[in-house]
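In the numbering used here, the protein residues as written are 5 to 218.
And the structure:
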């Protein structure tokens, strides 16, 4: 919200929408604890019991994902499930994680069909459902999550590039007229802030980077 108000300005009452978040895939409800618990613990908002629960859950999620990646499923064990779900059969053994990548297949499908996997899941104890849900999400959306992390890392790098306060954007004729006007009015302090301004295109950002010797 603060970023929007500073960089974009408002002509009407500001409304909070999840669609305004640049990285909605990373800012999910299900991973709120993994994003905030350690920070809360470090500043005294989360107690040791909660932090211990958090670290245990994170460890189990990581171990269960590794288990799914390393566990091979034979065609005869899974093809009936694949057919029932309306997806293609397989002629080769696949990892449980690879099968879970299919949109039609859920964790419950695998647990119902594969006794060994179900037994392994039962060892998760009282946080079984939390671990299974998060493991499924991380596997199914791994590509999208990684792509968004790269975009966020790129923005952080841009935020480290300062724009001289004395820069007169009107002198940069390679910028579009709209970009010059917006930049001159808002006066962003970094390239990252400039990239958030409506009317400032990726090409305009490239012009600024060239000008700043980046």
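Here a beta-carbon is modelled for each residue, glycine too, at the ideal position from N, C-alpha and C.
I need the straight-line Cα distance from residue i to residue j, nearest angstrom please.
i, j, result
"residue 72", "residue 148", "19 Å"
"residue 110", "residue 117", "11 Å"
"residue 219", "residue 41", "Because the chain is modelled from 5 through 218, residue 219 falls outside the range shown and cannot be assessed."
"residue 79", "residue 159", "44 Å"
"residue 170", "residue 51", "48 Å"
"residue 266", "residue 108", "Residue 266 lies beyond the stretch modelled for the chain, which goes from 5 to 218, so this question has no answer here."
"residue 27", "residue 156", "7 Å"
"residue 206", "residue 126", "50 Å"
"residue 204", "residue 175", "16 Å"
"residue 31", "residue 9", "20 Å"
"residue 95", "residue 119", "21 Å"
"residue 37", "residue 54", "10 Å"
"residue 99", "residue 69", "11 Å"
"residue 104", "residue 25", "28 Å"
Comparing the CB of residue i with every heavy atom of the ligand COA, is any distance shorter than 8 Å?
i, result
"residue 26", "Ligands displayed in this structure: none; no statement on the ligand COA is therefore possible."
When burial is assigned at 16 or more other CB atoms within 10 Å of the CB, is residue i buried or exposed?
i, result
"residue 112", "exposed"
"residue 177", "exposed"
"residue 90", "exposed"
"residue 183", "buried"
"residue 101", "buried"
"residue 3", "Shown here, the chain extends from 5 to 218; a query on residue 3 therefore has no answer."
"residue 197", "buried"
"residue 6", "exposed"
"residue 168", "exposed"
"residue 66", "exposed"
"residue 201", "buried"
"residue 187", "buried"
"residue 17", "exposed"
"residue 190", "buried"
"residue 212", "buried"
Beta-carbon within less than 7 Å of residue i's beta-carbon, same chain only, minus the 5 sequence neighbours each way: which residues are those?
i, result
"residue 124", "71"
"residue 141", "34"
"residue 137", "34"
"residue 61", "131, 134, 135"
"residue 59", "none"
Looking at the secondary structure, which residues open and close the alpha helix (DSSP H) in which residue i lies?
i, result
"residue 150", "146-163"
"residue 208", "206-215"
"residue 169", "Premise fails: residue 169 is in no alpha helix (DSSP H) and is neither H nor E."
"residue 181", "181-190"
"residue 28", "Taken as a continuous stretch (DSSP letters only), residue 28 belongs to no alpha helix (DSSP H), as it is neither H nor E."
"residue 130", "From DSSP, residue 130 is part of no alpha helix (DSSP H); its letter is neither H nor E."
"residue 117", "111-117"
"residue 40", "36-46"
For residue i, write down the residues that DSSP places opposite it in a beta bridge.
i, result
"residue 77", "98"
"residue 194", "166"
Here's a check: name, in chain order, each residue in its chain whose Cβ is nearer than 8 Å to the Cβ of residue i, leaving out the five neighbours to either side.
i, result
"residue 209", "162, 195, 198, 199"
"residue 29", "145, 148, 149, 152"
So, at 6 Å on beta carbons, what are the nonlocal neighbours of residue i in its own chain, with the 5 sequence-adjacent residues on each side left out?
i, result
"residue 154", "none"
"residue 122", "115"
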